[in-house]
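Working notes, beginning with the structure itself.
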Amino acid sequence: MKITHIRNATLIVEYGGKTFLIDPMLAEKGTYPPFPNSIRQDQNNPLVNLPISVEEIIDGVDALILTHLHLDHFDDAAKQALPKDIKTFVQNEEDAAAVRGAGFKNVEALTKNTVFEGVQLSKTKGEHGRGEILKRTGLVCGVVFKHKSEKTLYVAGDTVWYSAVEEEINTHQPDVIVVNGGDNQFLEGGSLVMGKKDIYEVHKAAPRAMILSVHMEAVNHWTLSREELKSFINEKAMASYVFVPDDGEVYTF
162 MKITHIRNAT
172 LIVEYGGKTF
182 LIDPMLAEKG
192 TYPPFPNSIR
202 QDQNNPLVNL
212 PISVEEIIDG
222 VDALILTHLH
232 LDHFDDAAKQ
242 ALPKDIKTFV
252 QNEEDAAAVR
262 GAGFKNVEAL
272 TKNTVFEGVQ
282 LSKTKGEHGR
292 GEILKRTGLV
302 CGVVFKHKSE
312 KTLYVAGDTV
322 WYSAVEEEIN
332 THQPDVIVVN
342 GGDNQFLEGG
352 SLVMGKKDIY
362 EVHKAAPRAM
372 ILSVHMEAVN
382 HWTLSREELK
392 SFINEKAMAS
402 YVFVPDDGEV
412 YTF
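Residues in the sequence shown are numbered consecutively from 162, following the working numbering.
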């Protein structure tokens, strides 16, 4: 498999002979206002430019996967740029209806055993925060990729560490895990995605898996920097297993 980290949660995953685009936020730097009730209210989103052009990102994509529909995972620029007949996978029928409403014609809700042209896609559980904040953040999912000629890949999506993530790891035994690790937060309510302690728990649950932490330093409410996470990784002796890609960086497994 080849994983290209684009920006924020946006990934290009080449797997089992197919190319998947995950959670595309494709707007130019500074297009949208900052997320309210959070830090950096003086900085518009996205905070950084794309590392490659939109045309390069969408060229050759066979299918689109949307773990949920928040702006930083599926934005207006993506809706405009992507071909409306592209095969699109979403977490549930509610999201499917919304994506169809944006003009997309070939939309399917993921299950635990969805198959796309030989690649098995298994919807996984996630929680976009803890406690009361979940009423605001709504439902999310992740996805596990399996193919006879590939290692197993788990893209966890916008989730914190909790019991169901551990269950997904135990069930699927992934060789490669992508976590959203910017510890993004509002001023109240705690972490919305994984922070460094969450990532350490993922490593302890899957000590031989290669882990990539994305969703970092790209939207205004991040609180965990790449530098701080790398320092923590070294402190915990995880540097052989946990990686923090720059935008545009490519990993092959």
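Here a beta-carbon is modelled for each residue, glycine too, at the ideal position from N, C-alpha and C.
Model, not experiment: these values are computed from the prediction.
A residue is called buried when at least 16 other Cβ atoms come within 10 angstroms of its Cβ; Asp184 meets this threshold and is buried.
Of the other Cβ atoms in all chains shown, fewer than 16 fall within 10 Å of the Cβ of Val411; this residue is therefore exposed. Residue pairing from DSSP places Met371 in a beta bridge opposite Val337. The Cβ atoms of Met399 and His364 lie closer than 7 angstroms to each other.
Per DSSP, Ser283 is one residue of the beta strand (DSSP E) stretching across 280–285.
Annotation for Glu269: the continuous beta strand (DSSP E) segment containing it runs 268–270. Annotated as distal: Lys266 and Lys286, with beta-carbon spacing of 7 angstroms or more.
Cβ contact annotation for Trp322 (same chain, cutoff 7 angstroms, sequence separation greater than five): Met355, Asp359, Glu362, Val363, in chain order. Look at Leu300 here: in three-state DSSP terms it is coil, with no helix or strand label. Bridge pairing for His166: Leu172 [DSSP].
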